[in-house]
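Read top to bottom, the protein sequences are chains A and B. As numbered in my numbering, the first sequence has no gaps in its residue numbers, which increase by one up to the final residue, 346. As numbered in my numbering, the second sequence has no gaps in its residue numbers, which increase by one up to the final residue, 1346. Beta carbons: idealized from backbone N, C-alpha and C, even for Gly. Data block below; observations after.
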Amino acid sequence: MAGKIWILLQQRGGELHPMSKEAIAAGTRLADLVGGEAEALLLCAEPGSAAEEAAGYGVSAVRIVRSAKLADYTPGAFAGAVAAAASAAAPGWIVLPHSYQSVDYMARLAHLVDAALVPEVVGFRRDGDDVVWTRPVFTGKLQSEVRVRGDGPVVLSVQAGAFAAESGERSAPIDELEVDDAGIEPDREVLGVEEVAGEHVDLTQAPIIVAVGRGIGGAENMGEAEALARALGAEIGASRPVIDSGWLPRDRQIGSSGQTVAPKLYIAAGISGAIQHLVGMKGSRCIVAINKDASAPIFAVAQYGIVGDLHEVLPALTEAAQEAKA
Amino acid sequence: MKIGVCIKQVPDPEARLSVSADGRWIDEEEMAFGINEGDEYAVEEALAIAEQAGGEVVAVSLGPERAREALRKALAVGAGRAVHLADDAFQGGDCWATARALAEVARRESFDLILTGSQSADAGFGSTGTLLAALLGWPHAWLVVGLEVEEGGGSARVTREMEAGKNELLRVKLPAVIEVQAGINKPRYASLKGIMQAKRKELAELTPADLGLDPARVGAAGARLEILSVSVPKKGEGAQIFEGDAQTAARQLVEKLRTEARVL
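What follows is the structure in structure tokens.
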């Protein structure tokens, strides 16, 4: 089952997006597993420092696909460029980071190269001639093992935090992969980028954060969390559902689409622990989880936990914190 | 403007899940289901656009008999009619198999715009809408937090979420598939009148034959992925859990935070 593995790098401001390194880690491990070669592809108008950076992470080569049509990210141009390059090289596996940009075009790419699609991979193993992929289902409460039927190529994305990036011993060669870009077209017009309005609370500097999730039950219960935050001298944060429901303003959101924080103490109250939230807070020094569901994924990253009703635990914790201070 | 809105019925976010006896999915017995969160926002977005620009909203769902409830709910909040791909042959597919079936509905309906959520809360591929767009030869946008159909209906201004608190502003030609992100609007509740009217609205059940589709190309038979098992993820060392009543547990926790973790 040997074959070529392509890892599609993502740039941010000319630099390598951190999740690209994890995608390389997954791609090189996959190469070891199936006996293939892992190459990194950089789609760009100008390569910046990303190609050199990627070359140090254990791939056998970094190939630059250069076209003026790749200056702005559009799914049509990016998927089109990879498909054009793939028609000659015929990679067996195409690995992308499970990022907001890469996921936006990977299904379009799977369509163009007629590939099976395995999003959000967190692990894989070999079973005879098959690769068995592990990916979360039910927002991470469960995981599934899946197998691709048939022999066609596979497009997969790699979840953040699942594969640790490891820099290699030597730097891989960098070259340009000639691709005919005549048939490649941006399929949408990029008008600009805006900062999300209202992001003025800087949670990244808070030493303690009390973060609430859907389990708080409603804006009317927010006082329970606020009382605890006051007792601890903490800032209030939240997971996405709380923001979407309008219980707290958007500048309190922690997670992949909000702020990334790493306080010394993070108290997650009524947060189940979807990966989009975990990526924004798992670097915290000490994590406490309070949830009524003992099987919630948040307990896996927490150091301490209380399984119980928030409406009882939060006031009790506030009282205990006040007693301890007194 | 004729707007299709693709919705999926999934377990209630608060439901406790257990693995089914065959080890390949969940036990659905006595489980509460509802419209997938992102899709609920897509329904609202579709209704708002139709109210402003005029036109019809058609709710489409691929799912077993129980998914009828989700379609009824979409009708109750204002969708004009519904299409249900309930046939057994449609079930158990991956994003390829599901997108193929939805694409055939879209072709027959000649939608000007398709809205759906960005990701389902069960299989969570996050790619079915994009694949649907690719199969139709339409553009798409994923993780959309703002949408405005432009004068004449030939294009839309789209705000798409990026990482780290930034949004991308785009113009997308229509027809397109727009995959909305939760929080894009405030979904309305069904009125009693709406619920009553929904009972008289058209809810068509279609089979693969009705859509001219080979049953081997949809559902589990047409999927490129086969689920081997579903399980509870293995956890690391896990959290130290404090038991007992809330007061006792809270005191023990604060003590540990002071003396062991030294963060208070």
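The C-beta of Val1254/B comes closer than 8 Å to at least one C-beta of chain A.
Not one beta carbon of chain A lies nearer than 8 Å to the beta carbon of Leu1218/B.
Cβ proximity to chain A below 7 Å picks out Arg1306, Leu1307, Glu1308, Ile1309, Leu1310, Ser1311, Val1312, Ser1313, Val1314, Pro1315, Lys1317, Gly1318, Gly1320, Ala1321, Gln1322, Ile1323 and Phe1324 from the region 1306-1326 of chain B.
Each residue's CA atom was taken as its position, placing Ala1223/B and Thr1212/B some 8 Å apart.
When DSSP states are grouped into helix, strand and coil, Thr159/A belongs to the helix group. Non-local beta-carbon contacts of Glu42/A in its own chain, meaning distances under 8 Å to residues more than five positions away in sequence, involve Pro117, Val178, Ala180, Gly181, Ala182, Phe183, Ala184 and Ala185 in chain order. Rounded to the nearest whole angstrom, the C-alpha separation of Ala1258/B and Lys1084/B is 12 Å.
Excluding its 5 nearest sequence neighbours in each direction, Ser80/A has C-beta neighbours in its own chain below 7 Å: Glu57, Ala58, Glu59 and Ala192, listed in chain order. Against chain A, a Cβ distance below 8 Å from Ala1203/B picks out Phe158 and Thr159. Between the region 162-174 of chain A and the region 1303-1312 of chain B there are three or more inter-stretch CB-CB distances shorter than 8 Å, so the stretches are counted as touching. For Gln1329/B, the chain A residues whose C-beta falls within less than 7 Å of its own C-beta are Ala336, listed in chain order. Your pair Ala130/A and Val85/A does not check out as a contact, with CB atoms roughly 18 Å apart and the cut at 8 Å. Residue burial is scored here from C-beta neighbours: Ser259/A has at least 16 other C-beta atoms within 10 angstroms and is therefore classed as buried. Interface criterion not met: the Cβ of Ile274/A is under 8 Å from no Cβ in chain B. Of the candidates Glu1261/B, Asp1204/B and Val1187/B, the residue whose Cα lies closest to the Cα of Asn1118/B is Asp1204/B. Shown here for Tyr324/A: same chain residues with a beta carbon closer than 6 Å to its own, the five before and five after excluded, namely Val308 in chain order.
Excluding the 5 residues flanking it on each side, Ala65/A has same chain C-beta neighbours closer than 6 Å at Ala88, Leu90 and Ala91, in chain order.
DSSP places Asp1121/B inside the alpha helix (DSSP H), whose first and last residues are Glu1119 to Ala1135.
Here Gly1120/B really is in contact with Ala1264/B; their C-beta atoms are around 5 Å apart, less than 8 Å. Val79/A has no beta-bridge partner at all, per DSSP. No Cβ-Cβ contact shorter than 8 Å links Val133/A with Trp153/A.
Cβ contact annotation for Ala1135/B (same chain, cutoff 8 Å, sequence separation greater than five): Met1083, Val1231 and Gly1235, in chain order. Around the C-beta of Glu140/A, 16 or more other C-beta atoms lie within 10 Å, and the residue is accordingly described as buried. In this structure, Gln31/A places its C-beta atom within 8 Å of the C-beta atom of Gly68/A. Judged by DSSP secondary structure, Gln179/A falls outside any beta strand (DSSP E); it is assigned neither H nor E.
Note on the region 204-268 of chain A: whole beta strand (DSSP E) runs with a minimum of 3 residues are 209-215, 228-232 and 255-258, in chain order. In the DSSP assignment, the residues bridged to Pro1093/B are Phe1115/B.
Excluding residues up to 5 positions away in sequence, Leu132 and Val133 lie with their Cβ nearer than 6 Å to the Cβ of Ala103/A in the same chain. By the Cβ rule, the region 1122-1142 of chain B counts as touching the region 1085-1096 of chain B, because three or more pairs are nearer than 8 Å.
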